[in-house]
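Peer 1: This structure is in C-alpha cells; I'll ask about it shortly.
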Amino acid sequence: MTDHLLNLHGDVLAAMRRGPKHFTKLAFVLSEADEPADTELSHFRDRIIAAGPGDELTALWHRTLTGWDLAEQADWSTAPPRTDERRADTYTRLGFGADLRKALDHAVPVFKEPGPTIISRTPTSWYSRDTAAARSFYWNSYEQLLRRKGWSDAAVSSLDEASHAVVERLADPTRTEAYGARGLVVGYVQSGKTANFTGVTAKAIDSGYRLVIVLGGTLNLLRGQTQRRLDMELIGQENILRGADTSDPDALIDIDYQDDEDWPAKFVSHGGRPSARGAFDIERLTTRDDDYKSLATGIRALEFDKQVRTQPLHAPDNLHRAAARVMVVKKNKSVLAKLIKDLKKIGPLLSEIPALIIDDESDQASVNTTDPKKWEEGKVARTAINGQISQLLGLLPRAQYVGYTATPFANVFVDPGDGEDIFPRDFLISLPRPTGYMGVQDFHDLDRTDDSATGTAEESHIRGIYEDTGDRLQEALDAFLLTGALKLYRAANGVPDGPFRHHTMLVHESVRMAEHAALALRISSLWHEAAYTSQQGHDRLSDLLSSDFQRFADDGLPTPTSYEDLKPYVFRARQLINSGGTPVIVVNGDTERDYAQPDLDFDRTPRVWKILVGGTKLSRGFTVEGLTVTYYRRKTQQADTLMQMGRWFGFRPGYRDLVRLYIGREEPMGKSKTVDLYEAFEAICRDEETFRAQLTRYAALVDGKPQVTPAQIPPLVSQHLSWIKPSARNKMFNAELVEIRSPGQWVEPTAYPSDPVDLRHNVEAWRPVLESLDPTPVTVSCSSPEHGLSDSYKALLGAVDHTALLQILCDLRWSAPNQFSPHLESLITAGESGAGIDDWLVIVPQQTSVRRTEATILGSRPLSLAHRARRRGDLFGAISEPKHRGAALRVAGALKDSGDPLVESLVRERRGVLVLYPVVEDEPRLSADGRIDPRHLVMAFSLVAPKSSTGREQSLVRFRTVDSGRSDSAIIDRGGDGA
7 MTDHLLNLHG DVLAAMRRGP KHFTKLAFVL SEADEPADTE LSHFRDRIIA AGPGDELTAL
67 WHRTLTGWDL AEQADWSTAP PRTDERRADT YTRLGFGADL RKALDHAVPV FKEPGPTIIS
127 RTPTSWYSRD TAAARSFYWN SYEQLLRRKG WSDAAVSSLD EASHAVVERL ADPTRTEAYG
187 ARGLVVGYVQ SGKTANFTGV TAKAIDSGYR LVIVLGGTLN LLRGQTQRRL DMELIGQENI
247 LRGADTSDPD ALIDIDYQDD EDWPAKFVSH GGRPSARGAF DIERLTTRDD DYKSLATGIR
307 ALEFDKQVRT QPLHAPDNLH RAAARVMVVK KNKSVLAKLI KDLKKIGPLL SEIPALIIDD
367 ESDQASVNTT DPKKWEEGKV ARTAINGQIS QLLGLLPRAQ YVGYTATPFA NVFVDPGDGE
427 DIFPRDFLIS LPRPTGYMGV QDFHDLDRTD DSATGTAEES HIRGIYEDTG DRLQEALDAF
487 LLTGALKLYR AANGVPDGPF RHHTMLVHES VRMAEHAALA LRISSLWHEA AYTSQQGHDR
547 LSDLLSSDFQ RFADDGLPTP TSYEDLKPYV FRARQLINSG GTPVIVVNGD TERDYAQPDL
607 DFDRTPRVWK ILVGGTKLSR GFTVEGLTVT YYRRKTQQAD TLMQMGRWFG FRPGYRDLVR
667 LYIGREEPMG KSKTVDLYEA FEAICRDEET FRAQLTRYAA LVDGKPQVTP AQIPPLVSQH
727 LSWIKPSARN KMFNAELVEI RSPGQWVEPT AYPSDPVDLR HNVEAWRPVL ESLDPTPVTV
787 SCSSPEHGLS DSYKALLGAV DHTALLQILC DLRWSAPNQF SPHLESLITA GESGAGIDDW
847 LVIVPQQTSV RRTEATILGS RPLSLAHRAR RRGDLFGAIS EPKHRGAALR VAGALKDSGD
907 PLVESLVRER RGVLVLYPVV EDEPRLSADG RIDPRHLVMA FSLVAPKSST GREQSLVRFR
967 TVDSGRSDSA IIDRGGDGA
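In the numbering used here, the protein residues as written are 7 to 985.
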C-alpha cells in the first residue's frame with residue numbers, strides 16, 4: 007500500500023536543502039490533487055504520536071531535524087547548534103504549532119552532545135552545504151551503508167558535520183593557484199577515526215579530489231585493515247569488480263575478497279558502475295593483499311582523460327568527469343620510494359592533480375625526530391618517512407595533508423617554521439567523544455579526591471596487581487573464560503550477537519620477544535592446568551561470578567542469577583578458545599609473517615577467541631576486536647606511547663560491564679622505586695582532557711576572527727605538559743601565552759611548592775583571608791537540574807576585596823609559576839577594566855565525618871584538612887571536590903539558580919568566589935593544642951571569576967610576540983645550543 011503521507015513529506019523535505027521553510031505552503035504546491043488531506047498538519051501530528059518502532063515517517067523527520075540541530079552554518083537561525091533555541095527556530099520556519107512541536111520533541115529529542123572543536127586560521131567558504139549536496143554520490147552511498155549498519159541519525163549527522171568541517175578547510179580543488187592545506191584531526195584511542203577519514207575521503211572525492219593516498223600504518227596487517235575498510239564502505243563492489251562477470255570463476259581469479267566472509271553482502275553497492283550512473287569510477291592502485299609496488303598499468307594509471315585538453319585537469323569541465331585514484335600504502339621506506347619514483351616520471355601533470363594525503367596514526371613514523379644540533383647549516387635533516395612525506399607534498403603542489411591521531415602532541419610540536427613539514431598550520435580539529443565509547447571516564451574517576459576511597463569506575467573495571475595480591479594472572483584467565491560464557495548467555499537471551507563474534511584477551515608485559523614466548527608458554531600451562539572441567543574449576547568460576555561480574559552487571563542486559571545457569575556456556579566458551587589447539591597467540595616481531603596468522607585475521611576468521619600476547623605492535627593502530635580482559639604490566643616513560651597502549655578503550659556494545667583491566671599498581675622501577683601504572687595512565691588522561699577542554703574554550707570566533715591559531719597551540723598547551731618539549735630544540739615559539747581569561751569557569755591550580763620554606767611563606771600570605779572567616783559554619787547547597795547538581799556541605803564563609811586578594815595571589819610561590827600566571831594576569835586586568843571585580847566570597851569547606859582531621863592554622867578556629875596527593879612531580883591531581891563547585895559557580899553568575907536562599911543572598915554582579923583547601927600530603931603532626939606547622943601545609947585553592955568580568959566579545963586568551971620584529975613568524979631562532 008502506498009504511503010502517501012511519507013511520499014509527500016519526502017518530497018517537501020527534499021525541497022528544503024538549504025534549511026527549513028514553511029511546510030504547509032510547500033506541501034500544498036507539491037501535493038497531488040487527489041491527496042489534499044495529506045497537507046493537514048493534524049494528520050502528521052497524529053501519525054507521529056501513534057508511530058511505533060520502525061515508522062519510516064518518524065525516521066525521515068529524525069534524520070532531518072537532527073541534521074538541522076547540528077548544522078554549524080545556519081543562515082536561518084542565530085541560535086547555536088545543539089540547543090532548544092535552534093530547534094525552536096526550526097519549528098518557527100516550518101510554521102509548526104505547539105501540539106506538533108511537542109509531539110516531535112518527544113519523538114526526536116534535541117541532540118545536545120558536543121560537536122567537533124575547530125582551531126583554524128580563517129573561516130572558509132568554498133565548500134558550502136549546497137556545494138556538498140550537489141555532488142554527493144559517494145557520501146550518499148557511505149551514509150546509507152552506515153544506516154544499514156545500525157548507526158543512529160545523531161551518529162550519522164555528527165559524522166557528516168565533522169567530515170564536512172575537514173573538507174571545507176582543504177583548498178578548493180578547482181582553484182587556479184595551487185595551495186596545499188595542512189591539518190590535524192584528533193580523535194580518541196580506538197574511537198572510530200577511520201569512519202571520519204572515510205567520510206572525508208568520500209566528500210573530498212565527490213568535490214573533485216582525484217588522487218587519494220592513505221598512509222595506513224607501518225605493517226601490511228594494518229594497511230590491509232584500512233584498505234578493506236575503504237573498499238567495503240566507500241569504493242564498493244562495482245569499482246572492485248571493474249566489470250568482471252561474477253558468475254565466471256575465471257574472471258574473479260585476480261579479484262580480492264573472494265574468500266572474505268563479508269563479500270559481497272556487507273560491501274557497499276552503487277547499483278551499477280558509478281560512471282554509468284552519472285558519477286565517476288574509483289580506480290584502486292592497491293588491493294587488500296598488495297601494497298603499492300608500481301603503477302600496475304604503467305604511468306598510464308595516473309593519466310587522466312581531459313574533456314577539454316586545452317584546460318588543466320583542475321578546471322571544472324575536466325575535473326568532475328575524471329575517475330578518482332585511491333591507494334593505501336604502508337609507511338615503509340621502500341614502498342614510498344617506489345611511489346615517489348613513479349610520480350616523478352609523470353611530469354607536469356602532477357601540478358594539476360588535486361590530491362589528498364591522509365596520514366593515519368600521523369604521530370607514528372611521520373614526525374621528524376632528528377636532532378637539530380646535527381643539521382648542516384641551513385639544511386634540515388629528516389628521518390626517512392618524514393622526508394618521503396615531504397617529497398610527496400613537494401611533488402604534488404595541490405596535495406592536502408590531513409593527519410589523524412589520538413595522541414596529538416608530537417604533531418602539535420612539529421616546527422611550524424618548516425614549510426615542508428607536516429605542522430597543522432591551517433587547522434586542528436578535535437573530534438567529540440562518540441556515543442557509546444568506553445574511554446578515560448569509564449576507567450578513571452577523574453573527580454575523585456579521596457585517595458583512600460575507590461571510585462565507581464575503578465571499582466567496576468580495574469583489578470589492581472599489588473605485591474600482596476600476587477600476579478592475578480590465573481584470575482585474569484578465569485575472567486576471560488567467564489566473560490566469554492556471559493557473552494554466549496546474552497546472545498542466547500536476545501542480545502544481538504554481532505559484537506560477540508570475536509572475544510579476546512590482551513597480555514602486555516614487555517617489549518622483549520623472548521619474554522613473550524616464555525609468557526605465552528606460562529599462560530598456556532596455566533590454562534591447561536586450570537581444571538575448568540573439574541568441580542574445583544567450576545567453584546572458582548562460580549566465586550568470581552558472584553564476587554565480581556554479578557555485582558557490576560548492567561541491569562539492562564541479561565545476566566544469570568546462578569552459576570548453574572551459566573555452566574553450559576562455560577563449556578562452549580572453552581571450546582571456542584581452545585579451537586586450533588592453543589588458546590594463545592604471540593603477536594610480535596618486525597616482519598609481516600609474524601602477523602600473517604589466520605587466527606589473528608579478524609576479517610576472514612569467523613571467530614577469533616584467543617589470548618594475545620605481544621608488545622608494541624599490538625599497541626598502535628591495530629584493532630583488537632572483542633577485547634574484554636586486558637592484563638597490563640609494561641612500563642614506559644613516554645606519555646604518547648603509554649596512551650596508545652590503552653587498547654581497552656573503544657566500543658563494547660552488549661558487554662561494556664564485562665570489561666576488566668588487570669594492571670600493575672606497584673611495578674618495580676629501578677632498584678628501590680615502584681610505579682603505579684593506573685595512576686600513570688590517569689595523569690596522561692588528565693593532560694589529554696585539559697588539552698581538549700582548552701581547544702573547546704578557544705574555538706569560538708571573536709569579531710569573526712579566531713582567538714587561537716594552530717601556531718599558537720604549543721605555548722597554550724605546554725604549560726600543562728611539562729614532559730613534552732618542542733621537536734626543534736634550538737628554536738622557541740614566537741608566541742608566548744600571557745593571559746587566560748576564565749569568567750564563570752572553575753580554575754584549579756595544582757603546581758604548589760614542596761619546599762617547607764615556600765609552604766610556610768604561602769600560609770602566611772593567606773593570613774588576611776583566614777582572619778576574615780566567620781567562625782560559625784553554615785550549610786551551603788546547590789540544586790541545578792540544568793547541570794545535574796544536587797549538593798550540600800558545611801563551610802566557613804568570609805569575604806575579601808579584589809585588591810587584597812590580588813596582593814595575596816601575587817605573593818604566592820609555585821613549583822611551576824607559568825601554570826597560574828596567565829590566570830593571574832587576567833585577574834589583574836579585570837580589576838583595571840570597566841567590567842571589573844569588586845570582591846571575592848571565600849568558602850572553606852568543612853568535613854563532618856567522624857574521621858575528619860582538623861587543625862588550627864595561624865591561630866584560626868579549627869579547620870578541616872584535606873588529604874591530597876601529587877600525581878606527577880610537584881603537580882597534584884584533583885584538589886576540589888565536585889560537590890563544592892555548584893554554589894561557587896552560582897555566586898559567580900555561571901549558574902542561574904541554586905535553590906538555596908543563603909547562596910542566593912551571597913550573589914553579587916561583580917563578585918568572584920575562592921574556595922580554600924588546607925591540604926596535607928601525609929598524616930599531619932599536630933601540637934598538643936591542635937596547631938599544625940605551616941611548613942607541612944599546602945594552602946591550595948580553586949577560584950571562579952565573576953561571569954560578568956569579561957566582555958562577551960573579548961578574546962579569552964592573549965599572546966605576546968617574543969620577537970616583535972618577527973611578529974609574523976611562528977617560531978624564532980633561540981640561539982646558542984638551544985639550552
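Think of the CB as a built atom: it goes at the ideal place given N, C-alpha and C, for glycine as much as any other residue.
Any idea if Cys788 is buried or exposed, counting beta-carbon neighbours within 10 angstroms, 16 or more meaning buried?
Peer 2: So Cys788 counts as buried.
Peer 1: In its own chain, which residues sit with a C-beta less than 6 Å from the C-beta of Gln79, not counting the 5 before and 5 after it?
Peer 2: Nothing meets the Cβ criterion.
Peer 1: Report the three-state DSSP secondary structure of Trp846 (helix, strand or coil).
Peer 2: Here Trp846 sits in strand by DSSP.
Peer 1: With 16 other CB atoms within 10 Å as the buried threshold, where does Asp646 fall?
Peer 2: Confidence in Asp646 is poor, its pLDDT being 45 and thus under 50, which makes the residue's placement unreliable; the coordinate value appears in the next sentence. Buried.
Peer 1: Looking at the secondary structure, which residues open and close the alpha helix (DSSP H) in which Val206 lies?
Peer 2: That run of the alpha helix (DSSP H) goes 199 to 213.
Peer 1: Considering only the alpha carbon of each residue, which of Leu901, Ser466, Arg819, Ile583 lies closest to Glu770?
Peer 2: Cα-wise, what sits closest to Glu770 is Arg819.
Peer 1: At which residues does the alpha helix (DSSP H) containing Glu688 begin and terminate?
Peer 2: Here the alpha helix (DSSP H) through Glu688 covers 683 to 704.
Peer 1: Can you tell me which of Phe608, Tyr97, His320, Val195 puts its alpha carbon nearest to the alpha carbon of Phe657?
Peer 2: Ranking the options by Cα distance to Phe657, first place goes to Val195.
Peer 1: Considering only the alpha carbon of each residue, which of Arg216, Thr389, Thr232 lies closest to Glu309?
Peer 2: That would be Arg216, whose Cα lies nearest to the Cα of Glu309.
Peer 1: Could you compute how far the alpha carbon of Lys737 sits from the alpha carbon of Pro716?
Peer 2: Caution is warranted here: a pLDDT of 49 is assigned to Lys737, below 50, making its placement in the model unreliable, and no coordinate value can be reported.
Peer 1: Give the DSSP-derived three-state secondary structure of Ala361 in the structure shown.
Peer 2: Reduced to three states, the DSSP call for Ala361 is strand.
Peer 1: Would you kindly report the start and end of the unbroken alpha helix (DSSP H) that includes Ser169?
Peer 2: Element bounds for Ser169: 159 to 173.
Peer 1: Using DSSP with H/G/I as helix, E/B as strand and the rest coil, what is Trp615?
Peer 2: If DSSP states are grouped into helix, strand and coil, Trp615 belongs with the strands.
Peer 1: Is the beta carbon of His508 closer than 8 Å to that of Arg613?
Peer 2: Result yes, Cβ atoms of Arg613 and His508 sit closer than 8 Å.
Peer 1: Looking at the secondary structure, which residues open and close the alpha helix (DSSP H) in which His49 lies?
Peer 2: Per DSSP, His49 belongs to the alpha helix (DSSP H) from 47 to 56.
Peer 1: Compute the distance between the beta-carbons of Thr634 and Leu664, then report whether it is under 8 Å.
Peer 2: Their beta carbons are under 8 Å apart, which means Thr634 touches Leu664 by this criterion.
Peer 1: Determine the direct distance from the alpha carbon of Gly101 to that of Val18, and round the result to whole angstroms.
Peer 2: For Val18 and Gly101, the distance between alpha carbons rounds to 14 Å.
Peer 1: Sorted by chain position, which residues of the same chain lie with C-beta nearer than 6 Å to Lys337's C-beta, five sequence neighbours on each side aside?
Peer 2: Closer than 6 Å at Cβ, skipping near neighbours: Leu221, Thr224, Ala371, Ile391.
Peer 1: Taking the beta strand (DSSP E) that Tyr923 belongs to, which residues open and close that run?
Peer 2: Counting along the chain, the beta strand (DSSP E) containing Tyr923 begins and ends at 917 to 926.
Peer 1: Under a Cβ-count criterion, where at least 16 other Cβ atoms within 10 Å of its own Cβ denotes burial, should Lys677 be classed as buried or exposed?
Peer 2: It counts as exposed.
Peer 1: Of the residues Val944, Asp845, Leu932, Ala805, which one's Cα is nearest the Cα of Ala872?
Peer 2: Among Val944, Asp845, Leu932, Ala805, the Cα nearest to that of Ala872 belongs to Val944.
Peer 1: What do you reckon, are the CB atoms on Leu550 and Leu572 nearer than 8 Å?
Peer 2: No. Outside cutoff.
Peer 1: Alpha carbons only, please: which of Ala321, Ala951, Pro851, His112 is nearest the one belonging to Pro781?
Peer 2: Taking only the C-alpha atoms, the option nearest Pro781 is Pro851.
Peer 1: Using CA coordinates, which residue listed in Gly16, Asp256, Ser396, Tyr638 is at the minimum distance from Leu512?
Peer 2: Closest option to Leu512, Cα to Cα, is Tyr638.
Peer 1: Lys350 by DSSP, collapsed to three states: which one?
Peer 2: Lys350: helix per DSSP, three-state reduction.
Peer 1: Spatial neighbours of Tyr799 within its chain, please: CB distance less than 7 Å, with the 5 preceding and 5 following residues excluded, ordered by chain position.
Peer 2: Excluding positions up to five away in sequence, the list reads Val786, Pro851, Lys889, His890.
Peer 1: I'd like to know whether the C-beta atoms of Ala894 and Gly750 end up nearer to each other than 8 Å.
Peer 2: Not a contact, by the Cβ cut-off of 8 Å.
Peer 1: Measuring straight from C-alpha to C-alpha, what distance separates Val909 and Leu492?
Peer 2: The straight-line gap from Cα to Cα measures roughly 50 Å.
Peer 1: Please report the straight-line C-alpha distance between Tyr472 and Arg671, rounded to a whole angstrom.
Peer 2: Using only the alpha carbons, I get a separation of about 6 Å.
Peer 1: When the Cα of Asp474 is compared with those of Thr489, Thr292, Glu673, Val630, which residue comes out closest?
Peer 2: Checked all of Thr489, Thr292, Glu673, Val630; the closest Cα to Asp474 is Glu673.
Peer 1: Can you tell me the Cα-Cα spacing of Pro438 and Ala699, whole angstroms?
Peer 2: Going by the C-alpha atoms only, they are around 11 Å apart.
Peer 1: Apart from the five residues just before and just after Leu76, which ones in its own chain have a Cβ nearer than 6 Å to its Cβ?
Peer 2: Excluding positions up to five away in sequence, the list reads Pro87, Ser163, Glu167.
Peer 1: So, at 6 Å on beta carbons, what are the nonlocal neighbours of Gln480 in its own chain, with the 5 sequence-adjacent residues on each side left out?
Peer 2: Correct list, in chain order: Leu532.
Peer 1: Using 8 Å for Cβ pairs, my map puts Ile125 next to Val714. What's the rounded Cβ distance?
Peer 2: Indeed they touch by this definition, with Cβ atoms about 6 Å apart.
Peer 1: Looking at the unbroken alpha helix (DSSP H) that takes in Pro322, where does it start and where does it end?
Peer 2: Start and end: 322 to 325.
Peer 1: Going by alpha carbons, who is nearest to Asp764 out of Ala523, Asp939, Ser275?
Peer 2: It is Asp939 whose Cα lies nearest to the Cα of Asp764.
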